[in-house]
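Note sheet for the following structure.
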Ligand SMILES: [Zn+2]
Ligand SMILES: [Zn+2]
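In my numbering, the protein residues as written are 1 to 386.
This is the structure in structure tokens:
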């Protein structure tokens, strides 16, 4: 059994919070009732809070019994535009909205830690509990940082945690450096000259050009990125054409680019530009490419990752804290907080059974059994650090 700091009353309370949040999912920057609910819970615990960060974000601060360092703990609070397919008593009440990434659980674990620590503040320093909106879209973390989060609440380090389906309940993964990749969106326009499909000699075909281009783009990573580094180029949308007998003027492609190292990302972007330009030119078409920057890579500071691992090991033992799991090519806006400060972001196992299906799936559910463990991890990290 993992060690826990959460008594059975608080554990029950956490399940109530989690189920309420799960039933009332709200999307990025619209987490109004969610924010009210979190604020009420914090005020009931006796916290003074600051609201309105990045619209619906909240920061609660707790001082220890002595002066000392400061740290920040962050939970994300938003849901996804997805209709829940689970048949559970706490199923989402809103079609088209669902906590399919477990942010209801993250919020609850941080509330649980805040409740316990309020009654047990025998540490030296200050903890800031950050409840952040809009992780799934628009980068609520970036907005909070730009609004001056760490000027208003200076801290030595900031910590985050995400549940991870597939990793057994009762286990953790702590990456030394890279955890989640950077993401950019690729927009490509292939312009030809449309016309009658039966007279291909009189046109410039953007469809055949796009087909060549999509294939050529698949060599960008395999022929330009070191086999020891990582990047992904995926074309995810092909838009164009409207009739069986008409070749269109233009095809638009959309794709995603993922990487950990900015130098690798820059190199891949340069190569994509060249491949688009010259592949299109060779077919008589005109190619244009634009990149939209998404979240940067989430990279832990090794010394903070080590502290997270020590806290996790003290709860579940060494063989249940994985230090060598491969990072994910998914992205996470906690990277903006890490880039503005320093710290670490870890994974807590959500298990493989009930609720074990992958994140962003309409049958996903956060595993209530891990609530006390997640809250205990926060408690241990705070009391070790401060
Ligand atoms: Zn997500
Ligand atoms: Zn998430």
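For every residue, glycine included, the Cβ atom is placed at its ideal position computed from N, Cα and C.
These numbers come from a predicted model, not from an experiment.
Query, Result
"Report yes if the CB atom of residue 378 is closer than 7 Å to the CB atom of residue 211, and no otherwise.", "no"
"Using DSSP bridges, identify the partner residues of residue 165.", "351"
"Which two residues bound the contiguous alpha helix (DSSP H) that contains residue 207?", "206 to 224"
"Given a threshold of 16 other Cβ atoms within 10 Å of its Cβ, counted over all protein chains shown, does residue 104 qualify as buried or as exposed?", "buried"
"On the three-state DSSP scale, how would you describe residue 40?", "helix"
"List the endpoints of the continuous alpha helix (DSSP H) containing residue 8.", "8 to 23"
"Which partner residues does residue 187 have in the DSSP bridge list?", "254, 290"
"Could you tell me which of 107, 82, 176 sits nearest to residue 95, measuring between CA atoms?", "82"
"To which residues of the same chain is residue 66 closer than 8 Å at the C-beta, ignoring the five residues directly before and after it?", "123, 124, 125"
"For ligand 2, any of its heavy atoms closer than 6 Å to the Cβ of residue 357?", "no"
"Taking the C-alpha atoms as reference points, what is the distance between residue 328 and residue 172?", "15 Å"
"Could you please give the first and the last residue of the uninterrupted beta strand (DSSP E) stretch that includes residue 49?", "49 to 53"
"In angstroms with no decimal places, state the Cα-to-Cα distance between residue 75 and residue 270.", "36 Å"
"Answer yes or no: the CB of residue 136 versus the heavy atoms of ligand 1, is any distance below 6 Å?", "yes"
"Among 153, 242, 323, which one has its Cα closest to the Cα of residue 73?", "153"
"Within 8 Å, do at least three Cβ pairs link the region 295 to 305 to the region 160 to 178?", "yes"
"With three or more beta-carbon pairs closer than 8 Å as the criterion, would you say the region 129 to 136 touches the region 267 to 286?", "no"
"At 3 residues or longer, what runs of the beta strand (DSSP E) sit wholly inside the region 122 to 163?", "124 to 132"
"Any chance you could list the beta strand (DSSP E) runs of at least 3 consecutive residues sitting entirely within the region 291 to 361, in chain order?", "343 to 351"
"Relative to ligand 2, is the shortest distance from any of its heavy atoms to the C-beta of residue 101 smaller than 6 Å?", "yes"
"Are the region 257 to 274 and the region 179 to 190 touching, with three or more C-beta to C-beta distances below 8 Å?", "yes"
"Taking the CB atoms as reference points, tell me whether residue 358 and residue 165 lie closer together than 7 Å.", "yes"
"May I have the straight-line CA-CA distance separating residue 98 from residue 22, to the nearest angstrom?", "7 Å"
"Does residue 324 come within less than 7 Å of chain C when only Cβ atoms are used?", "The chain inventory of the structure shown lacks chain C, comprising one protein chain alone."
"Please tell me whether residue 233 and residue 225 are closer than 7 Å, where the distance is taken between their beta carbons.", "no"
"What's the call for residue 24, buried or exposed, on a 16-neighbour Cβ count within 10 Å?", "buried"
"Would residue 253 and residue 238 qualify as a contact pair, given that the criterion is a beta-carbon distance under 7 Å?", "yes"
"The alpha helix (DSSP H) that contains residue 272, what's its start and end?", "262 to 282"
"Looking only at its own chain, which residues have a Cβ that is under 6 Å from the Cβ of residue 308, when we skip the five neighbours before and after it?", "174, 344, 346"
"Would you mind stating whether residue 28 and residue 159 have Cβ atoms separated by less than 7 Å?", "no"
"What residue range is occupied by the uninterrupted alpha helix (DSSP H) comprising residue 180?", "Taken as a continuous stretch (DSSP letters only), residue 180 belongs to no alpha helix (DSSP H), being part of the beta strand (DSSP E) at 178 to 180."
"Quick check on residue 112: does DSSP put it in helix, strand or coil?", "helix"
"I'd like the list of long-range same chain contacts for residue 85, defined as Cβ closer than 7 Å, with 5 residues on each side in sequence excluded.", "362, 363"
"Helix, strand or coil, according to DSSP, for residue 73 in the structure here?", "strand"
"Would you kindly work out how many angstroms separate the C-alpha atoms of residue 8 and residue 323, rounded to a whole number?", "31 Å"
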